[in-house]
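There are 2 protein chains.
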Amino acid sequence: MSDHRMAPVDARASAEPVPVRPVPAHEPPYYAVVFTSVRTDDDSGYGETAERMEDLVRGIPGFLGMDHARTPGGLSVTVGYFRDAAAIEQWRSDAEHRTAQKRGREQWYERYTVHVARVERSHDYEHANGYEDANSRVDGNGSRREPGDG
Amino acid sequence: MSDHRMAPVDARASAEPVPVRPVPAHEPPYYAVVFTSVRTDDDSGYGETAERMEDLVRGIPGFLGMDHARTPGGLSVTVGYFRDAAAIEQWRSDAEHRTAQKRGREQWYERYTVHVARVERSHDYEHANGYEDANSRVDGNGSRREPGDG
Numbered sequence: 119m120s121d122h123r124m125a126p127v128d129a130r131a132s133a134e135p136v137p138v139r140p141v142p143a144h145e146p147p148y149y150a151v152v153f154t155s156v157r158t159d160d161d162s163g164y165g166e167t168a169e170r171m172e173d174l175v176r177g178i179p180g181f182l183g184m185d186h187a188r189t190p191g192g193l194s195v196t197v198g199y200f201r202d203a204a205a206i207e208q209w210r211s212d213a214e215h216r217t218a219q220k221r222g223r224e225q226w227y228e229r230y231t232v233h234v235a236r237v238e239r240s241h242d243y244e245h246a247n248g249y250e251d252a253n254s255r256v257d258g259n260g261s262r263r264e265p266g267d268g
Numbered sequence: 119m120s121d122h123r124m125a126p127v128d129a130r131a132s133a134e135p136v137p138v139r140p141v142p143a144h145e146p147p148y149y150a151v152v153f154t155s156v157r158t159d160d161d162s163g164y165g166e167t168a169e170r171m172e173d174l175v176r177g178i179p180g181f182l183g184m185d186h187a188r189t190p191g192g193l194s195v196t197v198g199y200f201r202d203a204a205a206i207e208q209w210r211s212d213a214e215h216r217t218a219q220k221r222g223r224e225q226w227y228e229r230y231t232v233h234v235a236r237v238e239r240s241h242d243y244e245h246a247n248g249y250e251d252a253n254s255r256v257d258g259n260g261s262r263r264e265p266g267d268g
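Chains as they are written, first to last, in our numbering: chain A, 119 to 268; chain B, 119 to 268.
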């Protein structure tokens, strides 16, 4: 387990520009909620709400981090990571989050898909180190998986 | 189960421009392989290899589709969906894929993380229809989850 796992999730407080980096692998099992969407042309109010939701979800105990990418004019993919199903349930049932979701369906999203998934294994790679840091699931036969999945 | 699930995965053969749409929810359980990466400045050969890998993975029995988004200058998120662990294993052990992964570590990726996760529930939303099409996991107590997760 390397030190970067202990880094604060919200890096915006830092005065230094922070390099983009994916949410690191955590010790399985944990959960990944994959949210893939195509937006409508109406983005009024979207930015403020997205920022507020990000603040809210970071306050959920068991929230591990969030990856987001958006191809201009194309698909948006957001993945939120949670320690367990209870953390997802708390986020799912948050009243302000539900209101935002409703507005999203009415106004911001042309279509979306949500996949709620339990992470069985994961690993990181850093070019500077030249090695993979694996959090591998121990298989039924006791042997660990090789890194390089995906 | 709606008809779009039967659409061919590879839409590039079509002469018509195809609207961007996320890979739809499938009947759980299935697998999502989340690959989050930050690229180096060296992208020589990347495009050809990425295209070749896409062709290859579409030939894997049990491959269900792939979502990809990349924020310019920022994070790239790719999610591949597979029917079962055996399909992932076949993709993972493909010789040409392994060669490409090795080159990726040496040349194209500053850092990346891979999360291999089993999807327990999922749902779609289409604004035009105004409803969510849920593939919900039946919980231990026999009740279905409400849509609106994530």
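Idealized CB from N, CA, C, for every residue including glycine.
| query | result |
| --- | --- |
| If I'm right that His245(A) touches Tyr227(B) with Cβ under 8 Å, what's the distance once you round it to whole angstroms? | 6 Å |
| Between Leu193(B) and chain A, is there a C-beta pair that is closer than 8 Å? | yes |
| Cutting at 6 Å between CB atoms, please list the residues of its own chain near Met184(B), excluding the five before and the five after it. | Gly198 |
| Pop quiz: Glu238(B) and Pro146(B) are said to be a contact at Cβ under 8 Å. What is the actual Cβ separation, rounded to whole angstroms? | 6 Å |
| Flag this pair as touching only if the region 163-179 of chain A and the region 166-175 of chain B have three or more C-beta atom pairs under 8 Å; answer yes or no. | no |
| Hey, does Ser155(B) have any beta-carbon neighbour from chain A nearer than 8 Å? | yes |
| Taking its Cβ as the centre, do 16 or more other Cβ atoms sit within 10 Å of Ser162(B), making it buried, or is it exposed? | exposed |
| Per the DSSP calculation, His233(B) is bridged to which residue(s)? | Ser240(A) and Val152(B) |
| Which same chain residues end up closer than 7 Å to Arg201(B) when comparing Cβ atoms and leaving out the 5 residues on each side of it in sequence? | Tyr148, Gly180 and Leu182 |
| Just curious, the beta strand (DSSP E) that Leu182(B) is in, first and last residue? | Phe181 to Arg188 |
| In this structure, what does DSSP give as the bridge partners for Tyr164(B)? | Answer by DSSP bridge pairing: none, since Tyr164(B) is not bridged. |
| So, using beta-carbon positions, are Tyr230(A) and Thr154(A) closer together than 8 Å? | yes |
| At 7 Å on the CB atoms, spell out the chain A contacts of Pro179(B), in chain order. | Near Pro179(B) there are no residues of chain A at all, since even the closest Cβ is about 18 Å away, more than 7 Å. |
| Using three-state DSSP, classify Arg157(B) as helix, strand or coil. | strand |
| I want to see whether chain A comes within less than 8 Å of Val138(B), judged by CB atoms only; does it? | yes |
| Pick from Val138(B), Ala143(B) and Pro137(B): whose alpha carbon is nearest that of Tyr243(B)? | Ala143(B) |
| Would you mind working out which of Ala203(A), Ser211(A), Arg188(A) and Asp160(A) sits nearest Val138(B), comparing C-alpha positions? | Arg188(A) |
| Assuming the contact rule is C-beta atoms closer than 8 Å, Pro72(A) and Pro190(B) should be a hit. Round their C-beta distance to whole Å, please. | Past the edges of chain A, shown from 119 to 268, lies residue 72(A), and the structure says nothing about it. |
| Among all the DSSP beta bridges, which residues are the ones paired with Val195(A)? | Thr154(A) and Ala187(A) |
| Pop quiz: Ser194(A) and Val232(B) are said to be a contact at Cβ under 8 Å. What is the actual Cβ separation, rounded to whole angstroms? | That belief does not hold up - the Cβ atoms of Ser194(A) and Val232(B) are roughly 21 Å apart, past 8 Å. |
| Rounded to whole angstroms, what is the Cα-Cα separation between Glu59(B) and Ala204(B)? | Residue 59(B) lies beyond the range of chain B shown here (119 to 268); nothing can be said about it. |
| Report the neighbours of Val152(A) on chain B: residues whose CB is nearer than 7 Å to its CB, in chain order. | Ala150, Val152 and Val197 |
| Helix or strand or just coil, what does DSSP make of Glu228(A)? | strand |
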